[in-house]
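Here our numbering is used: the first residue of the sequence shown is 7, the next is one more, and so on.
The beta carbon of each residue, even a glycine, is placed where N, CA and C say it ideally should be.
The structure presented is a predicted model; accordingly, all values stated were derived computationally and were not measured.
As structure tokens, the structure follows; a few thoughts come after it.
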Amino acid sequence: MYEKFFGLDELPFDGLPDNRFYFVGNCQHQALDVLTTNLSRTGSICILSGPSGSGKTTLVRMLIRSLPKRMRIIAIDDPRLDEHMLLATILRASGVVATSFESIAELTLKLRKFLERSVESGIVTTVILDEAQGLADEVIEQIRLISNIEGDLGKMINFLLVGQEDLIENIQKPMHKMFWGRVKAFATLQALKRDEVQAYINFRMQTAGCHDPVFTSRAVSSIYRGTKGLPRIINSVADRALCIACDYNRKTVSSRIVKKAIEIVRHKRSLFSLGYKNFAKHLCLDLFVKLPIILCGMLVSILTFIAAYIYLYNNIDSVALESLLHKDQAVMAEYHRLLNNMLPGRNANSREIALFNNSVKESVFESDSVDNLIKLWGYTKQDGSKSSCADLASHNMQCVTLTKDLSYLSVVNRPAVLSLRSDDLTPFFAVIKKYGPKESSIIMGDRLYRVKTSFLEHAYDGKFMYVGMKLKSEDKIEDKLRVEEVSKALKRTSLLVPELKVDAPSEKKDLKKVFDRLKNFSDENIAYSVMDNAFAEGPYLDKD
7 MYEKFFGLDE LPFDGLPDNR FYFVGNCQHQ ALDVLTTNLS RTGSICILSG PSGSGKTTLV
67 RMLIRSLPKR MRIIAIDDPR LDEHMLLATI LRASGVVATS FESIAELTLK LRKFLERSVE
127 SGIVTTVILD EAQGLADEVI EQIRLISNIE GDLGKMINFL LVGQEDLIEN IQKPMHKMFW
187 GRVKAFATLQ ALKRDEVQAY INFRMQTAGC HDPVFTSRAV SSIYRGTKGL PRIINSVADR
247 ALCIACDYNR KTVSSRIVKK AIEIVRHKRS LFSLGYKNFA KHLCLDLFVK LPIILCGMLV
307 SILTFIAAYI YLYNNIDSVA LESLLHKDQA VMAEYHRLLN NMLPGRNANS REIALFNNSV
367 KESVFESDSV DNLIKLWGYT KQDGSKSSCA DLASHNMQCV TLTKDLSYLS VVNRPAVLSL
427 RSDDLTPFFA VIKKYGPKES SIIMGDRLYR VKTSFLEHAY DGKFMYVGMK LKSEDKIEDK
487 LRVEEVSKAL KRTSLLVPEL KVDAPSEKKD LKKVFDRLKN FSDENIAYSV MDNAFAEGPY
547 LDKD
């Protein structure tokens, strides 16, 4: 395949269920939050709907992981069942014997006793029915009756119905009015927008080990148009496009390659590939059917515009209207505010915001931020290519990745690459150069921005990576570090970590004892941070 050609660790668009590759966009995040909240309680009926290929099944897998561990999950994938089979399937999946000779009333009684025992043991049962748009009306009514089963602690079972848009139409029938009233939450997965498709592709490529842009902007637009933003189809098209690019020995995927992939995956062919007769047929259809309709529409639009212009010109006093606007300060203030939003470069403040938002959109590859971080240390490659962590070994340096709170940067005291997410949950990266309680400085691309620390705390995704010094196996601490620098670093770290109680060294021979004690501290990163700060080499967050 194409993994080695693009430097990938694994296939990025394989389509197999893997939680590492699950892209949580704004729509997915909202759906996951709504369903987790409602299904964590008993007695809930929830609906998850969306077009085929929008990622419903994958979201359900993520949902199961986020539900409490005391939850018993029963998954039913085949909607072709009746009321009797529904009850029997739930009981059998729970380990209770249920036969086809028992009536619905007998099975319901068995289920009630089982649920009572489960609730007493602190276990909540949730039934997930996939492809629920195919459920019979009688089964939907049976679900409502089962959800009504109550004990001393209230209702005892949850249901999640997962299906395509037809599911909503089915349960809106007049016969299901009571069922509709019992539904606690509706979650809908929509197709990805154009920007989300870009973020989705970048996210999966980076997860697979590629940190450089492979798909051009026009290629992403072609994928968006050809797949309608549906993740399942995006996976197929992107996978095929990478195969074609590998065959052509191209390191980037162009729009032309994507269109070729769409032709193969979606069986969409151009007019010229349909043959002479079909081509002539489609050409006549366009000329004699579609073109007149388009021209008529354009004529109606032009006539409407002319009529509106003549009417407004003769009936509205523009001078009086303008003077009225100028007199009303509130209207003028809102007018200027809207102008600033629509015209980003109209003043210095909005221009800076526009540049910042543009930098966020362009900072989606971690490799760019890693290159900027290494440049802060004064290292660049002579051939102009991007530096990476692999280039640091020869300089006695190393990359360290931590999953810590943002405040842990004060302990590390090094510039770092932060993993961040924008308000629409698109991942991006930035290098933090200065970190303060109220204000910080970050680098995105070739620009330095001063931002509020509260913004970074809001956008921070829980992980950062920094560059620190590295001791060789044959190096001795006594030869590499000075006593006064170790004392200073130890004092500084102790102020930030009060539970760290290690006496400062007074002479060279005490250094090894100090670091032996540090290594036994509960946080193993503390010892390295003290040593790294004691080197007093390279950039630090508390120094200009």
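Applying the criterion that 16 or more other CB atoms from any shown protein chain within 10 Å of the CB defines a buried residue, is Pro-23 buried or exposed?
Sequence index remark: in the sequence shown, residue 23 carries index 17 (1-based). The residue in question, Pro-23, is exposed, as its Cβ has fewer than 16 Cβ neighbours within 10 Å.
Taking buried to mean at least 16 other C-beta atoms within 10 Å of its own C-beta, is Pro-18 buried or exposed?
The count along the sequence shown starts at 1 and reaches residue 18 at position 12. Looking at its Cβ environment, which holds 16 or more other Cβ atoms inside 10 Å, Pro-18 is buried.
Is it a yes or a no for the segment 86-106 touching the segment 35-50, going by three-plus beta-carbon pairs under 8 Å?
As far as the Cβ criterion goes, the segment 86-106 does not touch the segment 35-50, which means the pair count is below three.
State the CB to CB distance for the pair Leu-38 and Ser-72, rounded to an integer number of angstroms; the pair is presumed to be in contact (CB under 8 Å).
If you number the sequence shown from 1, residue 38 lands on position 32. If you number the sequence shown from 1, residue 72 lands on position 66. Contact flag correct, Cβ pair sits at about 7 Å.
Proximity of Val-508 and Arg-498 at Cβ, strictly below 8 Å
Counting from 1 along the sequence shown, the entry for residue 508 is found at position 502. Counting from 1 along the sequence shown, the entry for residue 498 is found at position 492. Not closer than 8 Å, so no.
Measure the alpha-carbon distance for Leu-173 versus Asp-429 and round it to whole angstroms.
Residue numbering aside, residue 173 sits at position 167 when the sequence shown is read from its first letter. Residue numbering aside, residue 429 sits at position 423 when the sequence shown is read from its first letter. Their backbone Cα atoms lie some 31 Å apart in a straight line.
Within 10 angstroms of the Cβ of Val-220, are there 16 or more other Cβ atoms? Answer buried if so, exposed if not.
Translated into positions along the sequence shown, residue 220 becomes position 214. With 16 or more other Cβ atoms within 10 Å, it is buried.
Out of Ala-191, Phe-192, Ile-207, Ala-142, which has the shortest C-alpha to C-alpha gap to Leu-198?
If you number the sequence shown from 1, residue 198 lands on position 192. Taking only the C-alpha atoms, the option nearest Leu-198 is Ile-207.
Could you work out which residue in Tyr-546, Leu-41, Glu-202 is closest to Trp-383 when comparing CA atoms only?
As a first step, residue 383 is located in the sequence shown; it is residue number 377 there, counting from the start. Considering only Tyr-546, Leu-41, Glu-202, the residue with the shortest C-alpha distance to Trp-383 is Tyr-546.
Neighbour-count burial assignment, Ser-276, 16 or more Cβ in a 10 Å radius:
Along the sequence shown, read from residue 1 onward, the residue named residue 276 stands at position 270. Since pLDDT at Ser-276 reaches only 46, below the 50 mark, its modelled position is unreliable, and the value read off the structure follows with that caveat. Residue environment analysis places Ser-276 among the exposed positions, since fewer than 16 neighbouring C-beta atoms fall within 10 angstroms of its C-beta.
So, does the segment 120-136 touch the segment 77-84, judging by three or more C-beta pairs under 8 Å?
Enough Cβ pairs lie closer than 8 Å, so yes.
Cross-strand partners of Ala-225 (DSSP beta bridge)
Residue mapping note: residue 225 aligns to position 219 of the sequence shown, counting from 1. Assignment of beta-bridge partners to Ala-225 by DSSP yields no partner.
Using the DSSP secondary-structure output, state which residues sit across from Arg-456 in a beta bridge.
To locate residue 456, count along the sequence shown from 1; it is residue 450. DSSP output for Arg-456 lists Ser-447 as bridge partner(s).
Roughly how many angstroms separate the alpha carbons of Met-184 and Asn-25, rounded to a whole number?
Mapped onto the sequence shown, residue 184 falls at position 178. Mapped onto the sequence shown, residue 25 falls at position 19. A straight-line Cα-Cα distance of about 37 Å links Met-184 and Asn-25.
Can you tell me whether Glu-147 is helix, strand or coil according to DSSP?
Here the question's residue 147 lines up with position 141 in the sequence shown. Helix at Glu-147.
Over what stretch of residues does the beta strand (DSSP E) that includes Ile-163 continue unbroken?
Counting from 1 along the sequence shown, the entry for residue 163 is found at position 157. Start and end: 163-169.
Buried or exposed, going by whether 16 or more other CB atoms sit within 10 Å of the CB of Val-145?
Taking the first residue of the sequence shown as 1, we reach residue 145 at position 139. In the assembly as shown, Val-145 is a buried residue. Its beta-carbon has 16 or more other beta-carbons within 10 Å.
With DSSP collapsed to three states, give me the class of Leu-426.
Counting from one through the sequence shown, the residue named residue 426 turns up at place 420. In the structure shown, Leu-426 falls within a strand segment according to DSSP collapsed to helix, strand and coil.
Cross-strand partners of Gly-474 (DSSP beta bridge):
Position 468 of the sequence shown, counting from 1, holds the residue named residue 474. Gln-404.
Could you compute how far the alpha carbon of Lys-265 sits from the alpha carbon of Pro-298?
Translated into the one-based positions of the sequence shown, residue 265 becomes position 259. Translated into the one-based positions of the sequence shown, residue 298 becomes position 292. Distance between the alpha carbons of Lys-265 and Pro-298 is about 29 Å.
Under three-state DSSP, which class holds Leu-63?
Locating residue 63 in the sequence shown gives position 57, where the first residue counts as 1. Note that residue 63 is Thr in the sequence shown, not Leu. Of the three classes helix, strand and coil, the one that applies to Thr-63 here is helix, per DSSP.
With 8 Å as the threshold, decide whether the Cβ of Glu-269 is near any Cβ in chain B.
Looking at the structure shown, chain B is missing, and only one protein chain is on hand.
Own chain partners of Lys-478 with C-beta closer than 8 Å, once the 5 adjacent residues on each side are dropped
For this step, residue 478 is matched to residue 472 along the sequence shown. A distance below 8 Å between beta-carbons, with the five flanking residues on each side excluded, links Lys-478 to the following residues of its chain, in chain order: Asn-402.
So Gly-157 packs on Leu-121, CB below 8 Å; how close in whole Å?
If you number the sequence shown from 1, residue 157 lands on position 151. If you number the sequence shown from 1, residue 121 lands on position 115. Leu-121 and Gly-157 do touch by the CB rule: their CB atoms are close to 7 Å apart, below 8 Å.
Here's the rule: buried if 16 or more other CB atoms are within 10 angstroms of the residue's CB, otherwise exposed. What is Ala-111?
For the purposes of this step, residue 111 is taken as residue 105 along the sequence shown, with counting starting at 1. Burial check for Ala-111: the Cβ neighbour count within 10 Å stays below 16, so the residue is exposed.
Our contact map puts Tyr-466 next to Cys-249 with C-beta atoms below 8 Å; I'd like the distance itself, whole angstroms only.
Mapped onto the sequence shown, residue 466 falls at position 460. Mapped onto the sequence shown, residue 249 falls at position 243. Their Cβ separation, rounded to whole angstroms, is 37 Å, which puts Tyr-466 and Cys-249 out of contact at 8 Å.
Check this for me: beta carbons of Ser-393 and Tyr-385, under 8 Å apart or not?
On the sequence shown, position 387 is the one that residue 393 refers to. On the sequence shown, position 379 is the one that residue 385 refers to. Going by C-beta atoms, Ser-393 is nearer than 8 Å to Tyr-385.
Could you give the DSSP three-state label for Val-243: helix, strand or coil?
Locating residue 243 in the sequence shown gives position 237, where the first residue counts as 1. Shown here, Val-243 sits in a helix according to DSSP, grouped into three states.
On the criterion of 16 or more Cβ atoms from any shown chain inside 10 Å, does Thr-64 qualify as buried, or is it exposed?
Looking up residue 64 in the sequence shown gives position 58. Around the beta carbon of Thr-64, 16 or more other beta carbons lie within 10 angstroms, which makes this residue buried.
Suppose only complete runs of 3+ residues qualify. What are the beta strand (DSSP E) ranges in the segment 76-117, listed by chain order?
DSSP runs (the beta strand (DSSP E)) wholly in the segment 76-117: 77-82.
Hey, would you say Gly-451 sits closer than 8 Å to Gln-404, going by beta carbons?
Position 445 of the sequence shown, counted from the start, is the residue given in the question as residue 451. Position 398 of the sequence shown, counted from the start, is the residue given in the question as residue 404. Cβ distance not < 8 Å, so Gly-451 and Gln-404 don't count as in contact.
Count the other CB atoms, across all protein chains shown, that sit within 10 Å of the CB of Tyr-534; report buried if there are 16 or more and exposed otherwise.
Start at 1 with the first residue of the sequence shown, and residue 534 comes out as number 528. Buried: at least 16 other Cβ atoms inside 10 Å.
What residue from Ile-152, Thr-42, Glu-175, Arg-98 has the CA that sits closest to Ala-191's CA?
Mapped onto the sequence shown, residue 191 falls at position 185. Minimum Cα distance to Ala-191 is reached at Thr-42.
Please state the DSSP three-state secondary structure of Ile-53.
Position 47 of the sequence shown holds residue 53. It is a strand residue.
Between which two residues does the beta strand (DSSP E) harbouring Ala-191 extend?
The sequence position of residue 191 within the sequence shown is 185, counting from 1. Looking at the DSSP string, the run of the beta strand (DSSP E) that includes Ala-191 is 189-194.
Beta strand (DSSP E) containing Phe-434: first to last residue?
In the sequence shown, the residue the question calls residue 434 occupies position 428. Element bounds for Phe-434: 433-440.
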